[in-house]
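Worksheet: one structure, shown below.
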Ligand SMILES: [Ca+2]
Ligand SMILES: [Ca+2]
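Numbering (the numbering used here), first residue to last: 935 to 1262.
Okay, here's the thing in structure tokens:
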């Protein structure tokens, strides 16, 4: 199994949001259905690739089941007849008009060499659908894997209510959910507590939420190290100001002015808390964005009937290896 081709651990990285999606294509050649491009394997020897008939404008599409800001799309081409993909376009948006082909274009793919994987930057284009289409000519469309990287577009913290352990200057708690990542404290979009033991900040999402990821923007005009060692806690309890809830992550360091995203694996909770434990410190957050899984029920249902996930022993073993590698 270690010889399995293209057995990259990052294919199971939880930030490839295509793995959670539902795929479709303009037609199907043989048994090469649309799901093979999001099965988690980059194998290029046809066994893990899609294949349409020879259509005019053949297309393939993944429904991400939520609106994402797409930063990049990675495509793995087949190890034979790679020129078939020349001139294909990636389109991203929320429309299903013309099978999604009318959505805005991220890129025209000039050429991906046989069996190779190329990544295309899409600059946070927003959309629920990612479409690959070969325009104008009659062609077969084959994709061995298509990966989509990005974050959900809907930040549920914006509708929450923020509070914190104390207030310093004009750094009120709401500044971390005001919709701005402005990181200069003096522009009044960052929070600020006094110097105290275990300073905390909390957002009440007003509903129990399955939190997939949280993005935190650190202060940019100095003292970014104050946030080092902060913990993010998520749950439904207000005991100890919410600090006793289960922990999503310990933040080792966020560079000045930068935004880091932490995966919380669908932790359930109404409260998201940031606390600096164990030392006397000031807590400042310039923005906290909370992303939730609005379609987890749909996904679970789909997984349970998905023939490609009722996998062979080989792919189970491959998954175990990939997961183990991913955690290193
Ligand atoms: Ca594949
Ligand atoms: Ca802010």
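The C-beta atom is built at its ideal place from N, Cα and C for all residues, glycine as well.
>> Assuming the contact rule is C-beta atoms closer than 8 Å, residue 1030 and residue 1091 should be a hit. Round their C-beta distance to whole Å, please.
In response: In the chain shown, residue 1030 corresponds to position 96, counting from 1. In the chain shown, residue 1091 corresponds to position 157, counting from 1. The Cβ separation is near 29 Å, so there is no contact.
>> Between residue 1109 and ligand 2, is there a pair consisting of the residue's CB and a ligand heavy atom that are separated by less than 6 Å?
In response: Taking the first residue of the chain shown as position 1, residue 1109 is located at position 175. Yes, since a heavy atom of ligand 2 falls inside the 6 Å radius drawn around the Cβ of residue 1109.
> Expressed to the nearest angstrom, what Euclidean distance is found between the alpha-carbon atoms of residue 1239 and residue 1073?
Replying inline: Walking along the chain shown from the start, residue 1239 turns up at place 305. Walking along the chain shown from the start, residue 1073 turns up at place 139. With a pLDDT of only 45 at residue 1239, under the threshold of 50, the placement of this residue in the model should not be trusted; the figure read from the coordinates follows. Going from the Cα of residue 1239 to the Cα of residue 1073 covers about 31 Å.
> So, residue 1086 versus residue 997, is the Cβ gap smaller than 7 Å?
Replying inline: In the chain shown, counting from the first residue as 1, residue 1086 sits at position 152. In the chain shown, counting from the first residue as 1, residue 997 sits at position 63. No, the Cβ-Cβ distance between residue 1086 and residue 997 is not below 7 Å.
> Helix, strand or coil for residue 1034 per DSSP?
Replying inline: What you label residue 1034 is simply residue 100 of the chain shown in a count that begins at 1. DSSP places residue 1034 in helix when its eight states are reduced to three.
> Does DSSP put residue 1090 in a helix, in a strand, or in coil?
Replying inline: Against the chain shown, residue 1090 aligns to sequence position 156. Correct three-state label for residue 1090: helix.
>> Could you check whether the Cβ of residue 1123 sits closer than 6 Å to any heavy atom belonging to ligand 2?
In response: Numbered from 1 along the chain shown, position 189 holds the residue referred to as residue 1123. At least one heavy atom of ligand 2 is nearer than 6 Å to the Cβ of residue 1123, so yes.
> Does the region 1111–1123 come within contact of the region 1139–1153, defined as at least 3 CB pairs closer than 8 Å?
Replying inline: yes
>> Looking at ligand 3, does it come within less than 6 Å of residue 982, judged from the CB to the closest heavy atom?
In response: By its list of ligands, the structure shown excludes ligand 3, since it contains just ligand 1 and ligand 2.
> residue 1185 bridges to which residues according to DSSP?
Replying inline: Mapped onto the chain shown, residue 1185 falls at position 251. According to DSSP, which records beta bridges pairwise, residue 1185 is partnered with 1164.
>> For a quick check, are the C-beta atoms of residue 1190 and residue 1211 less than 7 Å apart?
In response: To locate residue 1190, count along the chain shown from 1; it is residue 256. To locate residue 1211, count along the chain shown from 1; it is residue 277. No, Cβ-Cβ distance for residue 1190 and residue 1211 is not below 7 Å.
> Around the C-beta of residue 1048, are 16 or more other C-beta atoms found within 10 angstroms, so that it is buried, or is it exposed?
Replying inline: Reading the chain shown from its first residue, position 114 is the one you call residue 1048. Exposed: under 16 other Cβ atoms inside 10 Å.
> So the beta strand (DSSP E) residue 1056 belongs to, where does it begin and stop?
Replying inline: Here residue 1056 refers to the residue found at position 122 when the chain shown is read from its first residue. It spans 1051–1067 - the beta strand (DSSP E) in which residue 1056 sits, taken as one unbroken run.
>> Need the endpoints of the beta strand (DSSP E) that residue 952 sits in, please.
In response: Reading the chain shown from its first residue, position 18 is the one you call residue 952. Neither: residue 952 is in no beta strand (DSSP E) and is coded neither H nor E.
> Are the Cβ atoms of residue 1026 and residue 1080 separated by less than 7 Å?
Replying inline: Here residue 1026 is taken as the residue at index 92 of the chain shown, counted from 1. Here residue 1080 is taken as the residue at index 146 of the chain shown, counted from 1. It is not a contact, given that the beta carbons lie outside the stated cut-off.
>> DSSP three-state label for residue 957, please.
In response: Here residue 957 refers to the residue found at position 23 of the chain shown. Reduced to three states, the DSSP call for residue 957 is strand.
> Whose C-beta lies closer than 8 Å to the C-beta of residue 1225 among residues of the same chain, with five residues either side of it excluded?
Replying inline: Taking the first residue of the chain shown as 1, we reach residue 1225 at position 291. Closer than 8 Å at the Cβ level, and outside the excluded window around residue 1225, lie 1085, 1086, 1088, 1089, 1090, 1145, 1146, 1147, 1148 and 1149.
> In the DSSP assignment, what are the bridge partners of residue 929?
Replying inline: What the structure shows of the chain is the stretch from 935 to 1262, and residue 929 is not part of that stretch, so it cannot be assessed.
> In angstroms, rounded to a whole number, what distance separates the CA positions of residue 1046 and residue 1006?
Replying inline: What you label residue 1046 is simply residue 112 of the chain shown in a count that begins at 1. What you label residue 1006 is simply residue 72 of the chain shown in a count that begins at 1. About 16 Å.
>> My output table needs one value for residue 1173: the three-state DSSP class, helix, strand or coil.
In response: As a first step, residue 1173 is located in the chain shown; it is residue number 239 there, counting from the start. Reduced to three states, the DSSP call for residue 1173 is helix.
> Which class does residue 1150 belong to by DSSP, given the choice of helix, strand or coil?
Replying inline: Indexing the chain shown from 1 puts residue 1150 at position 216. In this structure, residue 1150 counts as strand in the three-state DSSP scheme.
> residue 990: which of 1038, 961 and 1052 sits nearest, CA to CA?
Replying inline: As a working mapping, residue 990 is identified with position 56 in the chain shown. Nearest of 1038, 961 and 1052 to residue 990, Cα basis: 961.
> Excluding the five sequence neighbours on either side, which residues of its own chain have a C-beta within less than 6 Å of the C-beta of residue 1042, listed in chain order?
Replying inline: To locate residue 1042, count along the chain shown from 1; it is residue 108. So the list reads 1023, once near-sequence residues are dropped.
> Given that a residue counts as buried once 16 or more other Cβ atoms are within 10 Å of its Cβ, and exposed if not, what is residue 981?
Replying inline: Taking the first residue of the chain shown as position 1, residue 981 is located at position 47. Exposed: under 16 other Cβ atoms inside 10 Å.
>> Taking the beta strand (DSSP E) that residue 1009 belongs to, which residues open and close that run?
In response: Against the chain shown, residue 1009 aligns to sequence position 75. Where residue 1009 is concerned, the enclosing beta strand (DSSP E) stretches over 993–1010.
> Rounded to the nearest angstrom, how far is the Cβ of residue 1142 from that of residue 1111, given a contact under 8 Å?
Replying inline: The sequence position of residue 1142 within the chain shown is 208, counting from 1. The sequence position of residue 1111 within the chain shown is 177, counting from 1. Not really, about 18 Å apart at Cβ, beyond 8 Å.
>> Can you tell me which residues form a DSSP beta bridge with residue 1202?
In response: The residue labelled residue 1202 in the question sits at position 268 within the chain shown. Answer is 1144, bridged to residue 1202.
> For ligand 2, any of its heavy atoms closer than 6 Å to the Cβ of residue 1292?
Replying inline: With the chain covering 935 to 1262 only, the question about residue 1292 has no answer from this structure.
> Taking the C-alpha atoms as reference points, what is the distance between residue 1218 and residue 1193?
Replying inline: For the purposes of this step, residue 1218 is taken as residue 284 along the chain shown, with counting starting at 1. For the purposes of this step, residue 1193 is taken as residue 259 along the chain shown, with counting starting at 1. Spanning the two alpha carbons is a distance of roughly 13 Å.
> How about residue 1104 and residue 949: do their beta carbons lie closer than 7 Å?
Replying inline: Position 170 of the chain shown, counted from the first residue, corresponds to residue 1104. Position 15 of the chain shown, counted from the first residue, corresponds to residue 949. Not in contact: residue 1104 and residue 949 (Cβ atoms no closer than 7 Å).
> If you count every other CB in all the chains shown that lies within 10 Å of the CB of residue 1131, and 16 or more means buried, which is it?
Replying inline: Within the chain shown, numbered from 1, the residue matching residue 1131 stands at position 197. Classification of residue 1131: exposed, given that the 10 Å Cβ count is below 16.
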